[in-house]
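Residue numbers (this note's numbering): -2 to 807. Ideal placement from N, C-alpha and C gives every residue a C-beta, glycine not left out. Report on the structure given below.
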């Protein structure tokens, strides 16, 4: 062996030691030197192979091996981070399968279940591998995953719901889906509370996606395991998953499923034990929102409602609480409300007066049975005020659960004008309401209730069309009770609503709306959009709304909607409302204070254009008018924005120039005036085409319109337009073009006179120097008379310069 071989072998051995000690840079440096001395040395080549294999192994795989083999938990956490990082390199299928098998064979390793769950989430290869294993023997595989924990079980559900993972053996997919579902359903009983939550979540996910296929495999005993989780004493998250599962089952199973639920409830009621009654009432409360017609049939069974109050005598508080929840849920049905009012009002009122634990829910039920919007009930004002006072007092307690439960009642009682004023005058209540809303994330019922209260407090009365006003008059004429005349509640007049909006804005309602807007249902989005629209009605409120995130929130809601699907009408309403709120805010704020590199000004143009485009379908012209004003404000910024507006909305803007509503026409001309600062807009009037000539004809006619503001905007547009020689030529060529300009010069108002003189100067002092054309129309005399009347130095200076040009004086 040569000295070079000996030296190279020694370096390679040391390099391997450095590598095993995790000193990779030293290992690579020594190996590089060894290769330069003896590239064919067996020891050097062996070391090179070890380092190369390591280099080809993804970091995630190495970390998983380290976590499992060395029980290195920090390595496991780093592997999880990489698996969750969308920018990290993905694993090859063979590497994924190797990691999967390692984790399944070592279920006691740190984070094994979490790692396996993440692998199944991100890797189709992993899902395909588990699919094949399930085909080979469901029971054994499920036991392994059960040992690994809830994340691993979530991963199995992901496999079952991924149809593409079963392409290699699609024929057994349905069988595996059914068998795994039945296995999970059987695990609802006899497991720990943590594991029960995981299994309930999995059952609910499978039913949510595959209810039509899986509902026949829900036996009476399996359903009862799911219904048992609806017990009022169960953790809220567990009840939530169980509710979803029952809802999907009941919907898919139809009459058979409802009969199974009814059998369960009847059996529990007949048992008449505390736990049985609590569970029966809890299930009834849960299914009312899901299958209201069936639940109402059950509720209205002869003797059931009449027996509720007697059945609660000497019962524990949790049974009474479950019964009250059921009564509250049953109010969704009109007939049920009537029965509750007849048989339970005295009990509920006594409960409210007593101040017992069920006071809050009892008050909510009373609010629902005493007043439901649209039913025309003759509700005694003092009853509603009394209930509202109860809810307001509950909102001011330190008990978060009591505060949360009061919100639903306030959502009903705050529809009354007197209640709105009583609530808004209490600053402590307003603060508590805003705080409740801000902390309502994860509590959809509380959030919806709080948003409804805020919406009631801020809602302006709708503007009635002439036809609607006539209908209201007819209703008043036909009404026999004078005190019940159809009309606007004095507390809902604009002068009362605006201060309420100001109070809520001062209490930081906008940051609260932003805080709860991360994950919302379409209904909640619709309510917040209406709140923003109401808050922004008064001009002085808009700056604060914009500075606290109102513009960004409106844009977010507009972008979150689609124009198709079963809820297309709701989505369309949200788009329109959020765009209208955006328009109102942008009418009155400086765009440079709102938009930035993080929030592009261009993002607001399409929602505003939507209001222009949507105007034909709606008789209310206010959104259209305010959208035009907002676009005019945006058009005051820069050519990039102006050109964006022109590209997107020019055709519609041209149509609106001829609108028969004076305010719409005026706003459109003002928008064009601001757009005229862009060469793109100038070309629309001065490119020599027939269309441009027609547009100029319309603009000149508007400069002679009866409405002063319209003439002023058209004059301003002409003043900028005629800075271009082609435009001057086009004006002179138009019949009556010069006469209309001279008409502007001769107006008594200084603003119009100023615009007219600017246009005239452009005509006679520009490259075209259309002196003869102006003289022919008596321009010298008109200008002299105008200069005698003006009091503006600037107009006088421009006029003298123009007169000299007309007279040929240098």
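| Asked | Found |
| --- | --- |
| Separation of residue 145 from residue 293, as counted between CA atoms | 43 Å |
| Status (buried if at least 16 other CB within 10 Å, exposed otherwise) for residue 760 | buried |
| Supposed close pair residue 525, residue 514 - CB separation, criterion 8 Å | 7 Å |
| Close beta carbons around residue 572, own chain, < 7 Å, minus the five adjacent residues each side | 555, 558, 607 |
| Cut-off 6 Å between Cβ atoms - residues of its own chain near residue 13, not counting five sequence neighbours on either side | 44 |
| Extent of the continuous alpha helix (DSSP H) to which residue 286 belongs | Premise fails: residue 286 is in no alpha helix (DSSP H) and is neither H nor E. |
| Under the three-state DSSP convention, the category residue 831 falls into | Nothing about residue 831 can be reported from this structure: the residues present for the chain run from -2 to 807 only. |
| Own chain, CB closer than 8 Å to residue 10, minus 5 neighbours either side, in chain order | 40, 44 |
| First through last residue of the alpha helix (DSSP H) which encompasses residue 74 | 70 to 81 |
| Residue from 249, 778, 797, 194 whose Cα sits closest to the Cα of residue 223 | 194 |
| Residue from 521, 250, 24 whose Cα sits closest to the Cα of residue 210 | 250 |
| Inter-residue spacing [alpha-carbon to alpha-carbon] between residue 452 and residue 289 | 26 Å |
| Residue nearest to residue 366 in terms of C-alpha spacing, selected from 348, 384, 334 | 334 |
| Cα-Cα separation between residue 253 and residue 56, rounded to whole angstroms | 53 Å |
| Host alpha helix (DSSP H) of residue 767 (start-end) | That residue, residue 767, is in no alpha helix (DSSP H); it is neither H nor E in DSSP. |
| Buried or exposed by the 16-neighbour rule on C-beta atoms within 10 Å, applied to residue 588 | buried |
| Buried or exposed by the 16-neighbour rule on C-beta atoms within 10 Å, applied to residue 659 | exposed |
| Check whether residue 714 and residue 670 have beta carbons under 8 Å apart | yes |
| Spatially closest choice to residue 414 from 543, 489, 449, by CA coordinates | 489 |
| Closest Cα partner of residue 540 within the set 439, 202, 499, 769 | 499 |
| Inside the stretch 535 to 617 only - alpha helix (DSSP H) runs reaching at least 4 residues | 539 to 544, 547 to 556, 565 to 584, 588 to 591, 602 to 610 |
| DSSP three-state assignment for residue 382, whether helix, strand or coil | helix |
| Under the three-state DSSP convention, the category residue 363 falls into | helix |
| Residue burial classification, residue 687 (beta-carbon count within 10 angstroms, cutoff 16) | exposed |
| Range of the contiguous alpha helix (DSSP H) that encloses residue 17 | 0 to 17 |
| Beta-carbon gap between residue 711 and residue 742 smaller than 8 Å | no |
| Residue interval of the alpha helix (DSSP H) (run including residue 702) | Element bounds for residue 702: n/a, residue is neither H nor E. |
| Cβ contact (3+ pairs, closer than 8 Å) linking the stretch 103 to 118 and the stretch 144 to 158 | yes |
| Status (buried if at least 16 other CB within 10 Å, exposed otherwise) for residue 590 | exposed |
| Top-ranked residue by Cα proximity to residue 178, from 154, 161, 168, 328 | 154 |
| Delimiting residues of the alpha helix (DSSP H) encompassing residue 641 | 636 to 653 |
| Proximity below 8 Å, CB of residue 355 to CB of residue 317 | yes |
| Counted within 10 angstroms of its Cβ, other Cβ atoms place residue 802 as buried (16 or more) or exposed | buried |
| Candidates 327, 535, 520, of which the one nearest residue 564 by Cα | 520 |
| Local Cβ density within 10 Å of residue 536, reported as buried at 16 or more and exposed below that | exposed |
| Assigned exposure category for residue 676 - 16 Cβ within 10 Å defines buried | exposed |
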